[in-house]
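As given, the protein sequences belong to chains Z and F, one line each in that order. Heads up: the first sequence begins at 25 in the working numbering, then just goes up one per residue. Heads up: the second sequence begins at 5 in the working numbering, then just goes up one per residue. Where a beta carbon is used, it is the ideal one built from N, C-alpha and C, also for glycine.
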Amino acid sequence: MKKRILSLMLALALLLPSLAGCGKSKDPAKPDGQTGTEADYSWFSMPGDTGKLVVYTSAEYHSLFDPAVRIFHRLYPEIEISSQACGEDEYRTLLRAEVPAGGGPDLVLFQSSTFPDIYKTMQIGLFEDLNPYFAVDDEIALSEFLGPVMDGGVFDGERLVVPLNYDVPLIMTTESILAELGMSAEELRTCDGFCVGAERFHEKYPDTTLFFDMAQAYSPYLYDIRTLYKNFGFQFIDFEAGEVDIDEGRFRQCMDLVKLFYNPDYDGSDMSKWDIYGYSAGEGLNQRFFMYDDCSAIDFMSSNNCRQYLNFVGEEPVFFLQSDQHDGVTAEMDFCVAIPKASPNKAAAWKFLKILLSDEIQGGHDNGYGNGIFLQIGFPVRLSAFRSALDYGNELTPVGPEMDAFTELVQSPTQALLIPQVYRRLIDEHIMPYIRGEKPWDDCYKKFLGAVELYKDE
Amino acid sequence: MKQHHLSLRSKDAVTGFLFTLPALVGLGMFFVVPFGITLKMSLSESMGSSKFVGLKNYQDVLKSAAFRLAAKNTFKFFGVALPCILILSLLIALLLFRNLKKYDIFRTFFVFPLVLPVSSVVLFFQIVFSDLGVVNGVLEHLGMHAADWTGEQAFWVLLILYLWKNTGYNVVLFLAALNSVPPDLYEAAALDGAGWWKKLTRITLPMIAPHTRFILVISIVNLFKSFREAYILFGDHPDQSIYMIQHFMNNNFINLNYIRLSVGAALVFLVIFALVGLVLGLRDKDEGGHE
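Rendered as structure tokens:
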């Protein structure tokens, strides 16, 4: 009898709430259907100042945070900053544990590796919509920033993430290589053209790798996978529409490139084959079709050894951005910022965010080692900070028409993404058998598609 | 006299309560309170809002294709693994019971898989069931095709791993149960001309029924624990044939979707509650019948 009563009570406890109704809640002040900066945000008022700000930093962000904190102190001495320094792993662990629980910092700075899937994180309603902030604050305007990149942080009409910098698939080749292949630079600027160029190059130099970068020396095919699907602009899942978004033809085209250059016997440990160190050997550099710096395109322009070598031997470098699957250009957001909805100090967090987007930070250089930019990698999203960010104070800094052309080039992305690493694992697991020639494409793609569908539904 | 009797009982009750208080505090802190928070979260709108939305989250999760696949696979694994382990361990126990001389050595042998480190077990299974592993080698030697043990056949690998790891423990429990059956019952049955089947079905199985129920509950718990090996062997996104409820919950935890994780946890609790309740209900029915 007692057990029956207990079971009944348990069932009722679960069923009764359904009578209380359900439905999507909304900010009571926010009118329906209002999204984007064109919407009317007159209902919005800035949160009140609490006089406090909590930030977490780690070693990877200190070059960005330290000057930003100094500027914040200078501008807002009345606001007390509580700063917690963490190790890299600790930083990620704290964010993943505290932010969903309503605690943690008032401003979250992150990269693709911090959250497993930023799109799923945006989907669960963790972050504040910053569109109203941009709309009502007279000190800042979205037009000051690179639109397609900034829109990378918009989800379902809400600006939940703000990128601070971005990288583009900047690739360098040479006039002599293009002449050898009978191709022009213009022909490389479409997705199909790039693939044709790579195929021709492979026919001529079957033992070389597709890209050259120090990072790929040991496992070029893994590097190729990650680089190519990123540059092809595959998002895999359209979370807003709630569906898988893969153009099978383009995806196969991308994987076929990886397969073409797949060489499991490639020995990247032989340093004499690394062009950077093999100038005198004369081999390799002209056998590398595409030179690509995964660390940062900005480093590529200003300090890359290959570019220095090309200048030294009088070769004319040719720069272009690899086209994505839609013949546009997909940028990758590097450092991003978000304000948790549960933050009690949103006003101070917004002020700090504005400092991170200011000219001083976006274009500023660390006067210490290397004169690197505060942003460390990538290009600033702030348009006015671009040229000062590129000025490394050395003879490689582009000037005049070269700077104009380069600026136009790297500010031409059509979209920006922050691709989660889970897709690399899924490709490695399900597509690699095709790349290795062990299984047919249809079988592998079917499994991969099934895995992506499952991931979407989780 | 009555007052004295009552106060003695009250005193005993208070003493008993005080002795159990540390355990109750622990239970409250580490089970009841977190469970309450989990339930509350499962009824909330989103991670950034605690607005009550009723069973909307449960509806969303139950509609999710991933959850349905996970539930189907979990029930399938339950449906296959549970009878297999019970029958297998009972059979082994029955075989050993008649011929057991060095009981202690065998007991150690059977419990051994339980105490092996998980990483060693997983490594061993990876070697045996890899594409170029022992099993595929034997299959090819016999003229058969190699199987994809991390893909479509992953279910059988997980089943074998679960049986290998947990059968021995159940055998020990069944042996203890068999030891508790009075031998004179078998003697009496033999005198009446009963064969081995009649003895098994009319004496052994009914007499060890309470123990079997206990072993059933332990096996159910161990079935859920087998996720650990599945996770290490096949990763967080395994083949669809072994994508189970724990994968769904774990992946939502990794993606910080604690709402869906909470819903999954609540549903799993309901299922286990129902299963264990059923087992205990059968026990009560049996004991009521015997009375």
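By the neighbour-count criterion, in which a residue is buried when 16 or more other Cβ atoms sit within 10 angstroms of its Cβ, threonine 216 of chain F is buried. For lysine 228 of chain Z, the uninterrupted alpha helix (DSSP H) run begins and ends at 215-228, by DSSP. Taking CB atoms only, leucine 166 of chain Z has no neighbour in chain F less than 8 Å away. Scanning F:Val37, F:Val36, F:Phe35, F:Gly58 for the CA closest to the CA of serine 46 of chain F turns up F:Gly58. The residue from Z:Lys228, Z:Glu204, Z:Ala371, Z:Leu284 with its alpha-carbon nearest to that of glutamate 152 of chain Z is Z:Ala371.
Across the structure, leucine 150 of chain Z and phenylalanine 113 of chain F are spaced so that their CA atoms are roughly 51 Å apart. By alpha-carbon distance to phenylalanine 260 of chain Z, the top candidate from Z:Leu450, Z:Asp64, Z:Thr74 is Z:Leu450. Leaving aside the five residues that flank valine 272 of chain F on each side, the residues in its chain whose CB is nearer than 7 Å to its CB run, in chain order, Ile249.
Among the residues facing chain F, proline 140 of chain Z is included, as its CB has a counterpart in that chain under 8 Å away. Here DSSP, grouped into helix, strand and coil, assigns lysine 365 of chain Z to coil. Within 8 Å of the CB of proline 124 of chain Z, the CB atoms of chain F belong to Met51, Leu260, Tyr262, in sequence order along the chain.
For threonine 145 of chain Z, the nearest beta carbon of chain F is closer than 8 Å to its own beta carbon. If the five residues before and after phenylalanine 68 of chain Z are omitted, its C-beta is found closer than 6 Å to the C-beta atoms of Pro156, Val160, all from its own chain and listed in chain order. Against chain Z, the beta carbon of serine 68 of chain F has neighbours under 8 Å at Asp481, Glu482, listed in chain order. For the stretch 71-85 of chain F, the residues whose beta carbon sits under 8 Å from a beta carbon of chain Z are, in order, Phe71, Leu73. Within the same chain, Pro368, Asn369, Ala371, Ala372 come within 8 Å of threonine 74 of chain Z by CB-CB distance, once the 5 residues on both sides are set aside. Look at asparagine 261 of chain F here: in three-state DSSP terms it is coil, with no helix or strand label.
Going by DSSP, glutamine 108 of chain Z is part of no alpha helix (DSSP H) but of the beta strand (DSSP E) stretching over 104-110.
Distance from the CA of tryptophan 465 of chain Z to the CA of glutamine 277 of chain Z, rounded to the nearest whole angstrom, comes to 11 Å. Between the stretch 199-217 of chain F and the stretch 118-138 of chain F there are fewer than three inter-stretch CB-CB distances shorter than 8 Å, so the stretches are not counted as touching. Counting C-beta pairs closer than 8 Å gives three or more between the stretch 438-446 of chain Z and the stretch 257-271 of chain Z, which meets the contact rule. Scanning chain F for C-beta atoms nearer than 7 Å to the C-beta of arginine 120 of chain Z yields Leu260, reported in chain order.
Under the 8 Å Cβ criterion, the stretch 397-405 of chain Z does not count as touching the stretch 107-119 of chain Z, having fewer than three qualifying pairs. Between arginine 213 of chain Z and serine 347 of chain Z, the beta carbon gap of about 6 Å places them in contact (Cβ cut-off 8 Å).
Cβ neighbours of proline 140 of chain Z within its own chain (closer than 8 Å, five residues either side excluded): Pro444, Gln445, Val446. Shown here for aspartate 351 of chain Z: same chain residues with a beta carbon closer than 6 Å to its own, the five before and five after excluded, namely Thr214, Cys215 in chain order.
Ranked by Cα distance from serine 137 of chain Z, the first of Z:Thr232, Z:Tyr115, Z:Ala366, Z:His226 is Z:Tyr115. Of all residues in the stretch 218-247 of chain F, the ones placed with a Cβ closer than 7 Å to any Cβ belonging to chain Z are His241, Gln244, Tyr247, in chain order. Using beta-carbon distances, isoleucine 148 of chain Z counts as an interface residue toward chain F, with a partner under 8 Å. Closer than 8 Å to the CB of leucine 473 of chain Z there is not a single CB belonging to chain F.
Between cysteine 360 of chain Z and phenylalanine 134 of chain Z the beta-carbon gap is near 6 Å, inside 8 Å, which marks them as a contact. Neighbours of asparagine 255 of chain F in chain Z, taken as residues at a C-beta separation under 7 Å, are given in chain order as Glu482.
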